Amino acid sequence: MKRATLRDIAQALNVTVATVSRALKNYPDISTSTKQAVLAAAERLRYAPHPLAVKLRQQAYKVIGVVVPDIVHPFFSDVISGIVDVAEAQGYHVILSQSNERYDKEIRVTRMLQATGVDGLLVCLSNETTAVDHLRELQDYDLPVVLFDKVSPELDASAVVTNDFQGAYDATAHLIGLGRRRIAHLKGTPHPQNTRRRFEGYQAALAAHGLPPQPEYVLECALVTHEEGAAFARQLMALPAPPDAIFAVTDAVAIGALTALKELGHRVPGDVALVGFSDWAVCRFLDPPISSVAQPGYAIGRRASELLLREITALRDEQPLVHELAVLDAELRVRASSGG
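Using the working numbering, count along the sequence shown one by one with no gaps and you end on 340.
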């Protein structure tokens, strides 16, 4: 029989999961009648505390799990460095896993990490992830979950993100300030919050400067790859009025666009100015070097790790969890690809 969760008890009694958790822990702010009802429902539904919750309270393990879409991605490498530095300073070990941008694998690896007895999870959602029930289930077992970079408003959890809107706005405004008026955007899929916010920043900058949206200049990358950047750059430059600037959702897409533009014989930035997003180290060494919006990857990792360790401590001390959204600034770094 499937183990009953705190959520099952909460739904049976029409109360919140937090109320059930506090009743089972005998918190004084929960009435005696509610505690009795919760205990009766727990027995009826055959609820038993997950072994991980017991280990957390006994401080039996000091391990955190980290799930990223791609471990070798330059941005995530920086994030992981920040996570590890904070975790190790507090005596924690880190287990890394990757989802390969797949929802089904994200579910498998988060459950695997739970089964190993980690104290908490740091998760960057995959591009395919739209539902977060698998993470909510882990929270029901008193497993703290903190999201970073790609997050979901559907999960009541702490999160650390870049100010993607402002970074995209600044990049687009920079291109407008250079006199560019036909600015294309190679965007990501709409459901990851970070790529959606970048598209919104691009749109807002156009509107603020009186430039009407031009749908033919907005193309959506399904996988957000170098190959898509190259293919879409060729498609854009075949238009009767091709763009004079391109803002790409990631550096991978920008690098692909740069490759195609040079193969087509277009001058960058003379004919087409180009800006990416993330500021991979390789951007500085291309010809021309690519302007990009820098994400504070290391700082994101440190802050996410700090929030998770705070929640682990609160759980062990049987204190309520206080979730926090941390939004860290992005910085436009101008190089030769946009005329810097």
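All C-beta atoms in this analysis are idealised placements derived from N, C-alpha and C, irrespective of residue type, glycine included. Model, not experiment: these values are computed from the prediction.
A distance below 9 Å separates the beta carbons of Val67 and Leu121. According to the DSSP secondary-structure assignment, Gly65 is paired through a beta bridge with Ile95 and Leu121. Membership of Ala245 in the beta strand (DSSP E) is indicated by the continuous run Ala245 to Ala248. Looking at the backbone, the Cα of Glu88 and that of Ile95 are separated by about 12 Å. For Ala273, the secondary structure class from DSSP, reduced to helix, strand or coil, is strand. In the three-state DSSP reduction, Lys262 falls in the helix class (H, G or I).
In the displayed model, Val145 falls within a strand according to three-state DSSP.
Listed in chain order, the non-local C-beta contacts of Arg196 below 6 Å within the same chain comprise Pro190, local neighbours out to five positions each way being set aside. Looking at the DSSP output, Val161 bridges to Val327. Counting only the Cα atoms, Gln36 lies some 42 Å from Pro192. Boundaries of the beta strand (DSSP E) harbouring Ile183: Ile183 to Lys187, taken from the DSSP string. Assignment of Arg46 by DSSP, reduced to helix, strand and coil, places it in the coil class.
Within the DSSP secondary-structure output, Leu178 pairs in no beta bridge. For Val218, the enclosing beta strand (DSSP E) begins and ends at Val218 to Glu220. A contact is defined here as three or more CB-CB pairs under 8 Å, and the region 109 to 119 fails this definition with respect to the region 260 to 277. Residue range Ser291 to Ala294 is occupied by the beta strand (DSSP E) that includes Ala294. Your pair Ala41 and Leu13 checks out as a contact, with CB atoms roughly 6 Å apart and the cut at 8 Å.
Boundaries for Ser338: no alpha helix (DSSP H) harbours it, and the DSSP string shows neither H nor E there. Taking C-beta atoms as the reference points, Arg182 and Pro242 count as a pair closer than 9 Å. The three-state reading of DSSP puts Ser81 in helix, counting H, G and I together. In the structure shown, Arg284 adopts helical secondary structure according to DSSP, grouped into three states.
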